[in-house]
Every structure is written in structure tokens, then in C-alpha cells.
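Chemist:
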Amino acid sequence: MDDITELAAELGRRLQLLNAHVTTAESCTGGGIAEAITRIPGSSAWFEAGFVTYSNRQKTQQLGVPDELFEKVGAVSREVVEAMARGAQQKSLARFAVAVSGVAGPDGGSPSKPVGTVWLAWAVGETVFSVQKFFPGNRDEVRRQTVKAALDGLLQHAAGEISNQG
1 MDDITELAAE LGRRLQLLNA HVTTAESCTG GGIAEAITRI PGSSAWFEAG FVTYSNRQKT
61 QQLGVPDELF EKVGAVSREV VEAMARGAQQ KSLARFAVAV SGVAGPDGGS PSKPVGTVWL
121 AWAVGETVFS VQKFFPGNRD EVRRQTVKAA LDGLLQHAAG EISNQG
């Protein structure tokens with residue numbers, strides 16, 4: 001079992017302990033997080049939905065990301081991934097959500113957002129957490145590292161919820 005599959009399996013165990021569901025809102029990973037989750041037999045018990053919103057138009061239509069954010073801060077930004085996570089959570093009714101938007105390359109980078117720049121956000125209940133990462137490597141490597149970071153974050157937040165339950 002590879003490291004991503006192991007992370008997804010552990011996420012499933014933790015979400016089942018919490019009797020909770022997760023949803024994904026993905027751009028640069030193109031559904032890779034949802035694919036990793038659904039590799040796990042029985043994931044239908046804890047995986048609610050996956051949104052692949054590659055274009056800005058779909059981020060707005062499917063997830064309710066305010067259109068003006070794209071001109072103001074760009075698709076690869078804290079504000080957009082947080083809105084994506086909230087939108088996915090609201091549409092799916094899942095307790096946990098993860099959202100990613102980044103520049104996987106080989107093109108599309110800029111001086112302020114070079115290739116490898118990725119924003120991730122996790123929504124847990126009413127709270128949203130976000131972080132910017134810079135992943136080295138080619139397109140496949142950036143995408144793989146993003147999937148892994150997304151799952152790692154979900155695991156950390158699920159562990160926090162488990163410890164809060166006593």
C-alpha cells in the first residue's frame with residue numbers, strides 16, 4: 001500500500017470513529033484527492049462528494065465562490081480555497097471539507113505565484129484553516145504532494161476532533 005492510500009485508509013478509520021463525512025473541492029489535483037479516498041473499500045460510509053472545479057466559472061457555479069475574488073486575489077489564493085471549502089461543505093453537508101488550488105505547471109506560474117504554489121483549506125464544522133505551500137518538482141510531483149498534504153491536513157483535523165471528544 002502506498003503512502004497516499006495509507007493516509008486515506010487512516011482518514012476513513014478516524015472519520016468512522018467520529019461518524020463524520022468528508023467532501024473535496026479540487027482544482028489543480030483534478031479529483032486526485034477524491035480518487036485516493038475512494039480507493040478505500042467502504043469509503044461510501046464516510047466520503048460524501050467530490051467537486052472538481054478546474055475553471056473559475058465552475059468554482060463560482062458549483063461552490064459559490066464570489067466571482068470578484070478571481071480579479072481581486074486570483075484563483076490560487078487563501079480567499080478562494082477557503083470559499084471553495086465552505087461551498088463544498090455547504091453543498092454536501094459534510095462536516096469535513098478540503099479544498100486545493102495551485103499552479104502545478106509546467107506553465108502558468110508568475111513571479112508572485114511560481115509553479116509549485118498551492119493553497120489548501122480545510123473546513124471542520126464552523127472553522128476554516130488554510131495554508132500556502134510551495135512544492136518542488138514537475139506537474140505530477142506537485143499534484144501528488146498536494147494530495148498528500150490535503151490528506152495529512154484532514155487527518156490532523158480529524159485527530160483534533162477525536163481528542164476533543166475525550
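Read in order, the letters of the sequence shown are residues 1 to 166 in the UniProt record's numbering.
Every residue, glycine too, gets a C-beta built ideally from N, C-alpha and C.
Treat the numbers as computed from the prediction; the structure is a model and nothing was measured.
#1: Grab me the residues of residue 20's own chain with a C-beta within less than 8 Å of its C-beta, minus the 5 sequence neighbours each way, in chain order.
#2: For residue 72 and residue 83, what's the separation of their Cα atoms in angstroms?
#3: Just to confirm, are residue 122 and residue 100 a CB contact at a threshold of 8 Å?
#4: Quick one: what's residue 98 bridged to in DSSP?
#5: Considering only the alpha carbon of each residue, which of 129, 165 and 34 lies closest to residue 77?
#6: Hey, residue 65 and residue 120 are a contact pair by Cβ (cut 8 Å); roughly how many whole angstroms apart?
#7: Scan the UniProt domain "CinA C-terminal" (5 to 156) and note each continuous alpha helix (DSSP H) run of 4 residues or more that stays entirely inside, going in chain order.
#8: Let me know if residue 57 comes out buried or exposed under the rule of 16 or more other beta-carbons within 10 Å of its beta-carbon.
#9: Pick helix, strand or coil for residue 2, following the three-state DSSP scheme.
#10: Given that a residue counts as buried once 16 or more other Cβ atoms are within 10 Å of its Cβ, and exposed if not, what is residue 92?
#11: Taking buried to mean at least 16 other C-beta atoms within 10 Å of its own C-beta, is residue 55 buried or exposed?
#12: Given this structure, state the Cα-to-Cα distance separating residue 50 from residue 1, to the nearest angstrom.
#13: Given that a residue counts as buried once 16 or more other Cβ atoms are within 10 Å of its Cβ, and exposed if not, what is residue 13?
Modeler: This is what the structure holds:
#1: 46, 94, 95, 96, 158 and 161
#2: 14 Å
#3: no
#4: 24 and 122
#5: 129
#6: The pair is not a contact, with the Cβ atoms about 15 Å apart (cut-off 8 Å).
#7: 32 to 38, 56 to 63, 68 to 72 and 78 to 92
#8: exposed
#9: coil
#10: buried
#11: exposed
#12: 23 Å
#13: exposed
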